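Which chain is which? The protein sequence lines are A and B, in order.
So the first sequence is numbered by the UniProt record's numbering: it starts at 1 and just counts up by one.
So the second sequence is numbered by the UniProt record's numbering: it starts at 1 and just counts up by one.
Comments concern the structure below.
Number of protein chains: 2
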Amino acid sequence: MRVAIVGATGAVGHELLKVLEGSSLRFDELLLFASPRSAGSTLMFRNQPLTVQATPDGAIDADVILASAGGSISKALAPAWVAGGAVVIDNSSAFRYDPEVPLVVPEVNGDAALTHRGIIANPNCTTAIAVVAVAPIHRQYGVKRMIVSTYQATSGAGAKGMDELLEQTRVELDGGQAQASVFAHPIPFNVIPHIDAFQDNGYTKEEMKVAWETRKIIGDDSLQISCTAVRIPTLRTHSEAITLELERPANPQAVRDLLAASAGVEVRDDPAGKLYPMPLTASGKYDVEVGRIRESLVFPGGIDLFVSGDQLLKGAALNAVQIAEYLQQKGALKARQRA
Amino acid sequence: MRVAIVGATGAVGHELLKVLEGSSLRFDELLLFASPRSAGSTLMFRNQPLTVQATPDGAIDADVILASAGGSISKALAPAWVAGGAVVIDNSSAFRYDPEVPLVVPEVNGDAALTHRGIIANPNCTTAIAVVAVAPIHRQYGVKRMIVSTYQATSGAGAKGMDELLEQTRVELDGGQAQASVFAHPIPFNVIPHIDAFQDNGYTKEEMKVAWETRKIIGDDSLQISCTAVRIPTLRTHSEAITLELERPANPQAVRDLLAASAGVEVRDDPAGKLYPMPLTASGKYDVEVGRIRESLVFPGGIDLFVSGDQLLKGAALNAVQIAEYLQQKGALKARQRA
């Protein structure tokens, strides 16, 4: 079987290579594609140098394509990739709201992946991190309202976002004035409540994605969800403060036990031991850290919690590879005969 | 009239001196007190050097004492200061929950200050910043539920908090491993959902302060309030994402107009112009920036908003001086006869 990565040189592409190295996915060959600018460069995979090729305009001879080169490239090329016989696992937002395209977090709705017609969408990073913690609670207690405030890392804007934070922080520490080019405003020692474009309702697209995508993944359109998405000066890993109103009252210890037994989650919740989710400990980790689990003070029987998840992993690369692994485990990935 | 600052050399003391310089408060003399370690040092006030004295164990011969040296000093000494005839405006949490001590934000409940019996409490910084934006909305529309997630600056832990962020960020940029001494964990490029001590209900004291103090200042015990308080790697100015369920439906433009006409608030809410509250623009400002005003997606007719306020100013020094100004305007501050 042949796997291709489109967008191999970006921040998510980098993580895709690392995750594939340790993955249980069985494949014979890995093809790497990126923009013509990166063509000819080499990336290491399992101690072998692989040459990056320019992404072609049409079909790619691969069985699985992990696409992470942005929405416009996915939108333009995915139909040709599917026509060429590949299963496309797309990390962009291009197809997430298409009713014919499953939007999948394997721990939550893996079976939806089996209904694909060539394209499977990977959710927005903020959604993927929240939903692994919230879905088990929803199944057990029924979430009615979900209020999310995010603490999002600069790498959500790619490697260039991290570079801007590091470079401009140095400028500020040296007494200079930080400048912004990736972000709308200088990010060092600042907070920017603006991620992605503003919509007519006053919410940003990033905030609406959390509402739209959580409902689609959980499969419940009655869920009321609101989000405030905020960029902060961290490098990696998004955190989220989440308040849940529940149909059936929960208590914190029962939720802790439930989540400890749930896939993709690490309960890190011992205030006395100063253990709670943080980017410092969640970065590089496959599981999403969940802690600060306590009864809501505004919704009796509801739950407040705090999550930190590596948005380049569970929020992107890891989830994409897990989708491919799931398909293969279910016998739903077939290698084509090649000459 | 004689004004004294206790805790003159701390981060809030520094701001108290600056705010008093431009204040309309009429007074003849300013006395500065701090720990014995700082005694003998001088601080400039209106181009005059003033010598810092060691805080005495008993009464201070001043008409107004602005106390900002921590809860244990206030608790131990404020009774003696009051017995000595001073009005004490206390920035610590020592007396905030005493039913006989008014807790005052002048724009919201200035008249409560007139009922004092010697001590007036200054609220927690996070509360003071939220309440100037929320109180006018409460008066007009009736707040039922209030959900707050905070983005709190390191200077909330004093000047040493800022120093730790700056020093340890440099360590990280130079390839080292940041260490924590002021905070529970390294703060550079990290997020710590832990401010002040954990309570039995799983909330921190900082989070409960927002609930307790907002209710007391607004004067409505039926208000349901929940908070997640999070330390982030910024230097100054706390931001807060606030969701409000309202008794009577509001629309965002009406709330914008209402807040634009409210004291202590600067409406900064033009997404198309990339204008919203940020520490970068709110730091050093007397008014609290309020923006991202939009209809709640979980409470029909409710409001979501985002605030950024300089917690050393409105959250501490400025509010304390405004209380003194208010008392003087109302003829409730009297200078004693001195030999």
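Positions of the beta carbon are idealized from the N, C-alpha and C atoms, including for glycine.
Nothing here was measured: the structure is a model prediction, and the numbers come from that model.
- For residue 271(B), the closest C-alpha among the options 100(A), 252(A), 198(A) is that of 198(A).
- In the pairwise beta carbon analysis, the stretch 285 to 293 of chain B is classified as not touching the stretch 330 to 339 of chain B: fewer than three pairs are separated by under 8 Å.
- Of all residues in the stretch 254 to 286 of chain B, only 271, 272, 274, 276, 277, 278, 279, 280 place a beta-carbon less than 8 Å from a beta-carbon of chain A.
- Among the bridge pairs identified by DSSP, residue 146(B) is matched with 225(B), 244(B).
- At a cut-off of 8 Å between beta carbons, residue 185(A) contacts chain B.
- The three-state reading of DSSP puts residue 74(A) in helix, counting H, G and I together.
- Among the residues of chain A, those whose CB is under 7 Å from the CB of residue 145(B) are 298, following chain order.
- If you check the CB distance, residue 235(A) and residue 320(A) do not come in under 8 Å.
- One finds nothing in chain B with a Cβ atom closer than 7 Å to the Cβ of residue 46(A); even the nearest lies about 28 Å away.
- For residue 30(A), the enclosing beta strand (DSSP E) starts and ends at 29 to 34.
- Rounded to whole angstroms, the gap between the alpha carbons of residue 148(B) and residue 229(B) is 8 Å.
- Selection 2(A), 33(A), 110(A), 125(A) evaluated against residue 317(A) yields 125(A) as nearest (Cα-Cα).
- Residue 288(A) has a beta carbon lying at 8 Å or more from every beta carbon in chain B.
- Taking residue 312(A) as the centre and dropping the five residues before and after it, the same chain places the C-beta of 11, 12, 15, 155, 236 closer than 7 Å to its C-beta, in chain order.
- Residue contact check for residue 8(A) against chain B: no CB pair falls below 8 Å.
- At a beta-carbon threshold of 7 Å, the residues of chain A lying near residue 226(B) are 243, 296, 297, 298, 304, ordered along the chain.
- By the C-beta criterion, the stretch 111 to 122 of chain B is judged not to be in contact with the stretch 133 to 148 of chain B, since fewer than 3 inter-stretch pairs fall below 8 Å.
- Cβ atoms of residue 51(A) and residue 58(A) stay farther apart than 8 Å, at about 20 Å.
- One thing to note: residue 168(A) has its Cβ no nearer than 8 Å to the Cβ of residue 298(B).
- Residue 9(B) sits buried, since 16 or more C-beta atoms from the chains shown fall within 10 Å of its C-beta.
- Counting along the chain, the unbroken alpha helix (DSSP H) around residue 161(B) starts and ends at 159 to 173.
- At least one C-beta of chain A is nearer than 8 Å to the C-beta of residue 191(B).
- Under the Cβ criterion (8 Å, minimum of three pairs), the stretch 59 to 78 of chain A counts as touching the stretch 90 to 97 of chain A.
- Taking CB atoms only, residue 124(B) has no neighbour in chain A less than 8 Å away.
- Only 193, 194, 198, 201, 202, 203, 211 from the stretch 193 to 215 of chain B bring a Cβ to less than 7 Å from some Cβ of chain A.
- Inclusion of residue 129(B) and residue 315(B) in the CB contact set at 8 Å is warranted, their separation being smaller than that value.
- Around the beta carbon of residue 245(B), 16 or more other beta carbons sit within 10 angstroms, so the residue counts as buried.
- For the stretch 228 to 240 of chain A, the residues whose beta carbon sits under 7 Å from a beta carbon of chain B are, in order, 228, 230, 232, 233, 234, 235, 239.
- For residue 151(B), the neighbours in chain A by C-beta distance under 8 Å run, in chain order, 151, 191, 230, 232.
- The residue among 48(A), 55(A), 30(A) with its C-alpha nearest the C-alpha of residue 38(A) is 55(A).
- Contact between the stretch 258 to 270 of chain B and the stretch 212 to 221 of chain A is not established, with fewer than three Cβ pairs separated by less than 8 Å.
- Around the beta-carbon of residue 287(A), 16 or more other beta-carbon atoms lie within 10 Å, marking it buried.
- Not one beta carbon of chain B lies nearer than 8 Å to the beta carbon of residue 127(A).
- Inclusion of residue 131(B) and residue 242(B) in the CB contact set at 8 Å is not warranted, their separation being larger than that value.
- Chain-ordered listing is empty here: chain B has no CB closer than 7 Å to the CB of residue 2(A), the nearest sitting near 38 Å.
- The C-beta of residue 274(A) has fewer than 16 other C-beta atoms within 10 Å across all chains shown, which makes the residue exposed.
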